[in-house]
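In the numbering used here, the protein residues as written are 1 to 172.
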């Protein structure tokens, strides 16, 4: 469908939501909870806590992880996130939810977003809206980057960027 490819689908606000949009938001929350349920046993197995976790994702998976983090689905704040072309449903709605869930003493979160300059799925207006949303979360220190000639793919250039970011993300 054209609105998914050009990113306009994600610009809807709460007033324009349809039942299928609410179903999608429910699915995103459910997938975020499933992410937590899949990570927690490994943390226990290795004797680690959430502050030692670095979440990396691409596209919709990155968007689900972002929702889970911003809406307190993770039991504690993760150390950092590296998100390649995160596809986040309705960033304006996310901003509303974040306002309602203000954290008392938020742990800082290092976040890196990497975008393809030629990615039609995440156009500039969408990226700006998401950046504006993330700026509202005082605990988030988001550093955006753009891959020249990058599209909506995780490729060798993406791996190179990830490799260069790892020293900045890994917990000490």
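Virtual Cβ for every residue (Gly too), placed ideally from N, Cα, C. A quick note: this is a predicted structure, and the numbers were derived from the prediction, not measured.
- Ranked by how close their Cα comes to the Cα of residue 119, the residues 133, 153 and 144 have 153 in first place.
- Per the coordinates, the alpha-carbon of residue 159 lies some 13 Å from the alpha-carbon of residue 85.
- In the three-state scheme derived from DSSP, where H, G and I count as helix and E and B as strand, residue 116 is classed as strand.
- Between residue 163 and residue 117, the gap from beta carbon to beta carbon reaches 9 Å or more.
- The segment 68-77 and the segment 29-39 touch, with no fewer than 3 CB-CB distances between them shorter than 8 Å.
- Of all C-beta pairs linking the segment 78-95 to the segment 132-149, three or more are shorter than 8 Å, placing the two stretches in contact.
- In the DSSP assignment, residue 121 is bridged to no other residue.
- Secondary structure note for residue 164: its alpha helix (DSSP H) is the uninterrupted segment 156-169.
- Counting only unbroken stretches of 3 or more residues, the beta strand (DSSP E) elements lying wholly within the segment 26-108 are 54-58 and 80-84, in sequence order.
- In the same chain as residue 139, and ignoring 5 residues on each side of it, the C-beta atoms closer than 8 Å to its own belong to 77, 103, 106, 107, 108 and 109, in chain order.
- Residue 168 is a Cβ neighbour of residue 80, given a cutoff of 9 Å.
- CA-to-CA, the gap between residue 56 and residue 19 works out to about 30 Å.
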